[in-house]
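2 protein chains.
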Amino acid sequence: MGKNVEKLKAYLGRPNDLLYAAAVLNWDQEVYMPLEGVEARSEQLATLNSLAHQMLTSDELKGLLEAAEEEVKDTAYDSDEASLVRITRRGFDQRTKIPTEFVEEESRVSTQAFVAWREARKNKSYAGYQPHLEKVIDLNIRRADYLGYEEHPYDALLDLFEPGMKTTQVEALFSDLKTGLKPLVREIADKDSIDDTFFSKDAYNTERQWDFTMLLLRDIGYDFNRGRQDKAPHPFTINFSTKDVRVTTRLLPHRPQSAVFSTIHEGGHALYELGIPEKFERTPLAQGASLGMHESQSRLWENQVARSKAFWKYYYPIFRAFYPEQLADIDLDHFYRAINKVQPDFIRVEADEVTYNMHIFVRFELEKDLLTGVLAVKDVPEAWNTKYQEYLGIIPPDDGVGCLQDVHWSHGTLGYFPTYTIGNIISAQLYAQARQDIPDVEDLFAQGEFAPLLTWLRKRVHSHGAKFTSAELVERELGQKIQAQPLLDYMREKYTEIYDL
Amino acid sequence: MGKNVEKLKAYLGRPNDLLYAAAVLNWDQEVYMPLEGVEARSEQLATLNSLAHQMLTSDELKGLLEAAEEEVKDTAYDSDEASLVRITRRGFDQRTKIPTEFVEEESRVSTQAFVAWREARKNKSYAGYQPHLEKVIDLNIRRADYLGYEEHPYDALLDLFEPGMKTTQVEALFSDLKTGLKPLVREIADKDSIDDTFFSKDAYNTERQWDFTMLLLRDIGYDFNRGRQDKAPHPFTINFSTKDVRVTTRLLPHRPQSAVFSTIHEGGHALYELGIPEKFERTPLAQGASLGMHESQSRLWENQVARSKAFWKYYYPIFRAFYPEQLADIDLDHFYRAINKVQPDFIRVEADEVTYNMHIFVRFELEKDLLTGVLAVKDVPEAWNTKYQEYLGIIPPDDGVGCLQDVHWSHGTLGYFPTYTIGNIISAQLYAQARQDIPDVEDLFAQGEFAPLLTWLRKRVHSHGAKFTSAELVERELGQKIQAQPLLDYMREKYTEIYDL
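Chains A and B, in that order, are what the protein sequence lines are. In this text, residue positions in the first sequence follow the working numbering: the first is 1, and each later residue adds one. In this text, residue positions in the second sequence follow the working numbering: the first is 1, and each later residue adds one.
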């Protein structure tokens, strides 16, 4: 490593320590902090984040970055050195383009918007939230202007979560996916509904749910010397280094499948962070490539692995032994079909694999129209309901389960939603290749054996950290563009069998 | 508040946020952090502490402090303004007197000393630890020189933990205490030993121990909206603001009394921090007056309250209901005597109320002699054993339960131990006054009612935060000097009854 890159790397340690410290404080706030700790905690987080921001936008960093850029100008694009410099430059430019006053204004607006949103959702009433959402949209229009874009203002926002991805690409991907999904959804709708009432009918002891999720984490290769699971109202993954990556789960007596798939989902995120090489520690390379790539890992473990028949060949006897009474009359086949039941519903986070992406299409289209002014904020509920009718054939009975269901906008965030479907798309591309490279991968699931798959993901995805964009990584490792067909093929195969299409 | 004091106060917010953030990271490390998180955590803590140190020794702070000092020069000594300036000055001077290289050297030396100590204690072998302790003593001699002192180098170290207290004062206090304790210990030794084998004989379910300690915390007035209890190998109290003060406890199946008294002890520390007024938040006034004053609170709740007969009149029936089999044959009187059994032993942290201070005398005298060169580090084990023979009439069978038992020296710390006995002394002074002011205080204990005592402590002690030294506070609130007689009176009265002296 050249002298200047080394200096750059050394400089990055401290701001990253501050961000990791902030992550510990956030984790504690979500998981263990007593109620009244919140005010002081906000001050502490503001101090940590603002100091990190200062360090990451400083003239000193600018100088170090320029010297390092000069030093690596003939170094291979995919080398660690050139990548460190490139990814540091990306973050530096993003941060320095946004004025400090904007960041402060955004913090105020989103704090208030969040409070208004929580109240509005509780009351199922959009009116009180509307003026706040107007401010959020206005902020995001200005953010896009600060960041700059060539084609579409949405590009600037999307780039924060999915570097290098353009709105037109997302539109093309989503269009392909939509075209393939529509007939699939229609064909499934013509079939008899699957009975999954055995989940909600009885209570499933939550301590056993906990034990089962711990067993799953251990089995998929999550190392409890480098992480832990706790309970939280909203499951999440968070990392404080490549050797301390934690997950949370949620235990609901009448939805035991929620804990199972949440844990595996977060476990997938965690395995990604745990697979990032130690050499990237305390640099911006010590994270996933993008939110979409991150979601590809969580969804691959959640869907391709843990919603497969092979997986439950091994785990259903165990799960059933945890709940002999509740599952007395439910055989493996019934259970497998129940956890894969397709049913258009109002709530994104509870959607099945097939209809999930429909929820994303709605949000992506609305966000674009809000950003360009095609849609006025006051018309969101109507537009929302129209699109739900179009994509899912159902109309939310109220805005609480309609346009007020997601927290994202109230946090000031636009451009995030598409990464969920991008993740689904990439997960299928990766899994198709993994099946080729490990022909018996599903036989191994049926033995509770996941190490070969994890090793494959480590090599193909995790080992690169944030060196490449998702498009670069997919091109490099799979020799493909990001494309919807593998996801459509996977779903067609799987649901043809489940629904006897 | 004057403009300059206000500026000073505003400046202090950020370094204090960093120190509180470091406290959260420390708490997590002790309580929940996975094994391999330790390396990154050390980096994060080093960054937080070094940034806080920079801010707390900066020229900017120096300027703010001088301007504020000018502004408060005619303001009353006991005003919040003058106190904030005075206590900030004390910390600033202490920090700036120590060169940065010394701090770094100390950090290296103590890291290595700690590892060597752990190994030495495990092997009950002093030899490997000796060279490290030599470095620690050398560092403390130099630290005392940097800090400066008038009479005794130990003054400089003691002042870090017990501001304003001089070695000669401690010597006088300890001499009085020793004089009174010796006959008491002798008289007790002549009596029959109390049977407390019912504790160690059976196993006490640890979940019930936990429930009982939670009940105790709630009853003494610990607010779970502003704190929480967790399990940790070594019980401690830690605060992240005046509204987030946490405790830990330790559950041992064959020592249920350990959890009970640990919890109450830490609860006493926590009630102190929770009683500090919010107006002091994010300043150096938002802490206890000194370590001795802090210990006075933990010991008052642990000893004067929770080892009293009145307390167990209320709680023994409850405790016994938790363990009906183990305690079937043990009546209240027997239980009360067992938890107050006096028995010279080797280990300080497990010592009873009466002999506890003997352990402190030994350490205080050795520390002074090490600092002045009267005692060579190589001769510590012999000197230790001689003093145990003298003060407790017993000789440790090995150095593991002798001079290697405490972690403090390996952390580089000298001057800390006397604060334990100073705390015991002050606790008795406070309690004597509280009994006068609340004549039925013990009748209230017997009803599980502690609010009047807590209110009294809030007003007399907690509300001042760190405004005064322990001597100032005791003078101001009790009209007394810090003195040993109330502790001797309390013990004489209590143990005369227990041992029928």
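All C-beta atoms in this analysis are idealised placements derived from N, C-alpha and C, irrespective of residue type, glycine included.
- Item | C-beta atoms of B/Y154 and B/L371 nearer than 7 Å | Mapped onto the second sequence, residue 154 of chain B falls at position 154. Mapped onto the second sequence, residue 371 of chain B falls at position 371. In this structure, B/L371 lies closer than 7 Å to B/Y154 by Cβ.
- At what residues does the alpha helix (DSSP H) containing A/S241 begin and finish? The residue given as residue 241 of chain A occupies position 241 in the first sequence. Unbroken run through A/S241 is the beta strand (DSSP E), T237 to S241; no alpha helix (DSSP H).
- Message: Taking the beta carbon of A/Q447 as the centre, do at least 16 other beta carbons fall within 10 Å, making it buried, or is it exposed?
- Response: Numbered from 1 along the first sequence, position 447 holds the residue referred to as residue 447 of chain A. A/Q447 should be labelled exposed.
- Does the Cβ of B/P317 have 16 or more other Cβ atoms within 10 Å, making it buried, or fewer, making it exposed? Position 317 of the second sequence, counted from the first residue, corresponds to residue 317 of chain B. Burial call: exposed.
- Counting pairs of Cβ atoms below 8 Å between the segment 164-176 of chain B and the segment 461-475 of chain B, do you hit three or more? yes
- Can you pull the chain A residues whose beta carbon is under 9 Å from the beta carbon of B/Q287, in chain order? Counted from its first residue, the second sequence places residue 287 of chain B at position 287. Under the 9 Å cutoff, chain A gives no residues; its nearest Cβ is about 14 Å from B/Q287.
- Closest Cβ-Cβ distance between B/Y20 and chain A: below 7 Å? Numbered from 1 along the second sequence, position 20 holds the residue referred to as residue 20 of chain B. It does: the Cβ of B/Y20 has a partner Cβ on chain A nearer than 7 Å.
- Query: Which chain A residues sit within Cβ distance under 7 Å of B/Y32?
  - Reply: Numbered from its first residue, the second sequence carries residue 32 of chain B at position 32. Per Cβ cutoff of 7 Å: R228.
- Taking the alpha carbon of B/P253 as the point to measure from, which residue in B/Q389, B/Y314, B/L271 and B/Q326 has its own alpha carbon closest? For the purposes of this step, residue 253 of chain B is identified with residue 253 of the second sequence, where counting begins at 1. When C-alpha distances from B/P253 are compared across B/Q389, B/Y314, B/L271 and B/Q326, the shortest belongs to B/Q326.
- Query: Hey, would you say A/S200 sits closer than 7 Å to A/P235, going by beta carbons?
  - Reply: Translated into the one-based positions of the first sequence, residue 200 of chain A becomes position 200. Translated into the one-based positions of the first sequence, residue 235 of chain A becomes position 235. Their beta carbons are not under 7 Å apart, which means A/S200 does not touch A/P235 by this criterion.
- Item | Contact with chain B by A/R108, beta-carbon distance below 7 Å | Translated into positions along the first sequence, residue 108 of chain A becomes position 108. No, A/R108 lies away from the interface with chain B (no Cβ there is under 7 Å from its Cβ).
- Check the Cβ of A/E281 against every Cβ in chain B and list those closer than 8 Å, keeping chain order. Here residue 281 of chain A corresponds to residue number 281 of the first sequence, with the count starting at 1. Neighbours of A/E281 on chain B, chain order: A40.
- Where B/F374 falls: helix, strand or coil (DSSP): Within the second sequence, numbered from 1, the residue matching residue 374 of chain B stands at position 374. As written in the sequence, residue 374 of chain B is Val, which differs from the Phe given in the question. The answer is coil: DSSP assigns B/V374 none of H, G, I, E or B.
- Contact with chain B by A/Q44, beta-carbon distance below 7 Å: Taking the first residue of the first sequence as 1, we reach residue 44 of chain A at position 44. Interface residue, yes.
- Taking Cβ to Cβ, would you say B/G400 is nearer than 7 Å to B/R118? For the purposes of this step, residue 400 of chain B is taken as residue 400 along the second sequence, with counting starting at 1. For the purposes of this step, residue 118 of chain B is taken as residue 118 along the second sequence, with counting starting at 1. Not a contact, by the Cβ cut-off of 7 Å.
- Mind checking A/L487: buried by the 16 CB within 10 Å criterion, or exposed? Your numbering for residue 487 of chain A matches position 487 in the first sequence. Taking every protein chain shown into account, the CB of A/L487 has 16 or more other CB atoms within 10 angstroms, so this residue is buried.
- Message: Using a Cβ-Cβ cutoff of 9 Å, what residues of the segment 192-226 of chain B are near chain A? List them in chain order.
- Response: Residues D223, F224, N225 and R226.
- Item | Distance CB(A/E81)-CB(A/T75) smaller than 7 Å | Indexing the first sequence from 1 puts residue 81 of chain A at position 81. Indexing the first sequence from 1 puts residue 75 of chain A at position 75. Yes. Within cutoff.
- N- and C-terminal bounds of the alpha helix (DSSP H) containing A/K97: What you label residue 97 of chain A is simply residue 97 of the first sequence in a count that begins at 1. Unbroken alpha helix (DSSP H) run through A/K97: D80 to K97.
- Query: How far does the alpha helix (DSSP H) with A/V407 in it reach, from first residue to last?
  - Reply: What you label residue 407 of chain A is simply residue 407 of the first sequence in a count that begins at 1. Taken as a continuous stretch (DSSP letters only), A/V407 belongs to no alpha helix (DSSP H), as it is neither H nor E.
- Query: Looking at the C-beta of B/G275, does it have a partner C-beta in chain A at a distance below 7 Å?
  - Reply: Indexing the second sequence from 1 puts residue 275 of chain B at position 275. So, not an interface residue.
- Flag B/T47 as yes if its beta-carbon sits less than 7 Å from any beta-carbon of chain A, otherwise no. Counted from its first residue, the second sequence places residue 47 of chain B at position 47. Yes, its Cβ sits closer than 7 Å to a Cβ of chain A.
- Item | Short CB-CB distance (under 7 Å) between A/V3 and chain B | Numbered from its first residue, the first sequence carries residue 3 of chain A at position 3. It is Lys, not Val, that sits at residue 3 of chain A in the sequence shown. A/K3 does not count as touching chain B.
- So B/K122 is in the alpha helix (DSSP H); what residue range does that whole segment cover? Start at 1 with the first residue of the second sequence, and residue 122 of chain B comes out as number 122. Boundaries of the alpha helix (DSSP H) around B/K122: T100 to N123.
- Message: Measuring alpha carbon to alpha carbon, tell me which residue in B/I98, B/H294 and B/V5 is nearest B/A68.
- Response: Here the question's residue 68 of chain B lines up with position 68 in the second sequence. Closest option to B/A68, Cα to Cα, is B/V5.
- Item | Interface flag, B/L454 vs chain A, CB-CB below 7 Å | Counted from its first residue, the second sequence places residue 454 of chain B at position 454. Judged by the 7 Å Cβ criterion, B/L454 is not in contact with chain A.
- Please compile the residues from chain B whose C-beta is within a distance smaller than 7 Å of the C-beta of A/S241. For the purposes of this step, residue 241 of chain A is identified with residue 241 of the first sequence, where counting begins at 1. G37 and A40, listed in chain order.
- Message: If the criterion is Cβ atoms closer than 7 Å, does the pair A/V377 and A/I141 meet it?
- Response: The residue labelled residue 377 of chain A in the question sits at position 377 within the first sequence. The residue labelled residue 141 of chain A in the question sits at position 141 within the first sequence. No, the pair does not count as a contact, with Cβ atoms beyond the cut-off.
- Query: Going by the beta-carbon positions, is the gap between A/F417 and A/I360 smaller than 7 Å?
  - Reply: What you label residue 417 of chain A is simply residue 417 of the first sequence in a count that begins at 1. What you label residue 360 of chain A is simply residue 360 of the first sequence in a count that begins at 1. Going by C-beta atoms, A/F417 is nearer than 7 Å to A/I360.
- Message: Please list the terminal residues of the continuous alpha helix (DSSP H) segment that includes A/D443.
- Response: Within the first sequence, residue 443 of chain A is the residue found at index 443, counting from 1. In the DSSP assignment, A/D443 falls within the alpha helix (DSSP H) that extends over V441 to F445.
- Query: Can you list, in chain order, the stretches of the alpha helix (DSSP H) that have 4 or more residues and sit fully within the segment 7-71 of chain A?
  - Reply: 38-56 and 59-71, all fully within the segment 7-71 of chain A.
- Beta-bridge pairing of B/K231 - partner residues as DSSP gives them: Taking the first residue of the second sequence as position 1, residue 231 of chain B is located at position 231. For B/K231, which the question treats as bridged, DSSP gives the partners B/T249.
- Message: Please identify the residue among A/A203, A/N49, A/Y32 and A/F240 whose C-alpha is closest to the C-alpha of A/E281.
- Response: What you label residue 281 of chain A is simply residue 281 of the first sequence in a count that begins at 1. It is A/F240 whose Cα lies nearest to the Cα of A/E281.
- Distance CB(A/Q257)-CB(A/I188) smaller than 7 Å: Position 257 of the first sequence, counting from 1, holds the residue named residue 257 of chain A. Position 188 of the first sequence, counting from 1, holds the residue named residue 188 of chain A. No.
- Item | Test item: CB-CB of A/Y315 and A/Y204 under 7 Å | Taking the first residue of the first sequence as position 1, residue 315 of chain A is located at position 315. Taking the first residue of the first sequence as position 1, residue 204 of chain A is located at position 204. At least 7 Å separates the beta-carbon of A/Y315 from that of A/Y204.
- Kindly indicate which three-state DSSP category B/D345 falls into: helix, strand or coil? Here residue 345 of chain B refers to the residue found at position 345 when the second sequence is read from its first residue. Coil, per DSSP.
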